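Visitor: In the working numbering, the protein residues as written are 683 to 815.
This is how it looks when you write it as structure tokens:
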């Protein structure tokens, strides 16, 4: 992935991790729409919030001119991946998520996690390049 910039900031729509996060959001919303009604204010809200924050942290971080600040938001996004994964594991344990959906979500989560790690490495390289001056 080549880091593109607009006015010194990255365009989040060009970031692979953001694209993968959006794919995960759509999948999670689809699966979670079948959760029991009594989970609307509990687990459902928690999972949807955490999965949405993956993309929003990446989008917000991309507005940062400083690569170190951006890396901070990338780290927050990665934490939200774990939070989402935990919530989905709870949902799976409660039998709200079937085997097929679980496998699909696990695959997308791994793609998101991998693309976030790649982005973090790229930002670290860019940040260290600038700190040499």
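For every residue, glycine included, the Cβ atom is placed at its ideal position computed from N, Cα and C. If you're wondering where the values come from, they're calculated on a predicted model, not measured in any experiment.
(1) If you draw a straight line from the C-alpha of residue 694 to the C-alpha of residue 700, how long is it?
(2) On the premise that residue 809 lies in contact with residue 749, defined as a C-beta separation below 8 angstroms, what is that separation, rounded to the nearest angstrom?
(3) Return the CA-CA distance between residue 780 and residue 732, expressed in angstroms with no decimal places.
(4) Using DSSP with H/G/I as helix, E/B as strand and the rest coil, what is residue 812?
(5) Do you know how far the Cα of residue 730 is from the Cα of residue 715?
(6) Would DSSP call residue 708 helix, strand or coil?
(7) Within 10 angstroms of the Cβ of residue 782, are there 16 or more other Cβ atoms? Answer buried if so, exposed if not.
(8) Decide if residue 803 is buried, meaning its Cβ has at least 16 other Cβ atoms within 10 Å, or exposed.
(9) Assuming residue 773 contacts residue 725 (C-beta within less than 8 angstroms), just tell me the rounded distance between them.
(10) Where does residue 722 fall in DSSP's three states?
(11) Taking 8 angstroms as the threshold (C-beta atoms), are residue 805 and residue 697 in contact?
(12) In whole angstroms, what separates the C-alpha of residue 815 from that of residue 757?
(13) In three-state DSSP terms, what is residue 752?
Guide: Result, derived from the coordinates:
(1) As a working mapping, residue 694 is identified with position 12 in the chain shown. As a working mapping, residue 700 is identified with position 18 in the chain shown. Roughly 7 angstroms between the two C-alpha positions.
(2) Taking the chain shown and counting its residues from 1, one reaches residue 749 at position 67. Taking the chain shown and counting its residues from 1, one reaches residue 809 at position 127. Between residue 809 and residue 749 the Cβ distance is about 4 angstroms, and since that is below 8 angstroms, they are a contact.
(3) Walking along the chain shown from the start, residue 780 turns up at place 98. Walking along the chain shown from the start, residue 732 turns up at place 50. Roughly 20 angstroms separates the two Cα atoms.
(4) Stepping through the chain shown from its first residue, residue 812 is reached at position 130. Confidence at residue 812 is low in this model, with a pLDDT of 49, below 50, so the placement of that residue should be treated as unreliable; the coordinate-derived value is given next. Residue state, collapsed to three classes: helix.
(5) To locate residue 715, count along the chain shown from 1; it is residue 33. To locate residue 730, count along the chain shown from 1; it is residue 48. Roughly 10 angstroms between the two C-alpha positions.
(6) Translated into positions along the chain shown, residue 708 becomes position 26. If DSSP states are grouped into helix, strand and coil, residue 708 belongs with the helices.
(7) Taking the chain shown and counting its residues from 1, the one referred to as residue 782 is at position 100. Exposed is the call here.
(8) Locating residue 803 in the chain shown gives position 121, counting from the first residue. Burial call: exposed.
(9) Stepping through the chain shown from its first residue, residue 773 is reached at position 91. Stepping through the chain shown from its first residue, residue 725 is reached at position 43. Contact flag correct, Cβ pair sits at about 6 angstroms.
(10) Reading the chain shown from its first residue, position 40 is the one you call residue 722. Of the three classes helix, strand and coil, the one that applies to residue 722 here is coil, per DSSP.
(11) On the chain shown, residue 697 is found 15 positions in, with the first residue counted as 1. On the chain shown, residue 805 is found 123 positions in, with the first residue counted as 1. Contact flag unset, no.
(12) In the chain shown, the residue the question calls residue 815 occupies position 133. In the chain shown, the residue the question calls residue 757 occupies position 75. Low local confidence applies: a pLDDT of 35 at residue 815 is under 50, so the model's placement there is unreliable, with the coordinate-based value given in what follows. When rounded, the distance between both Cα atoms is 25 angstroms.
(13) Here the question's residue 752 lines up with position 70 in the chain shown. DSSP places residue 752 in helix when its eight states are reduced to three.
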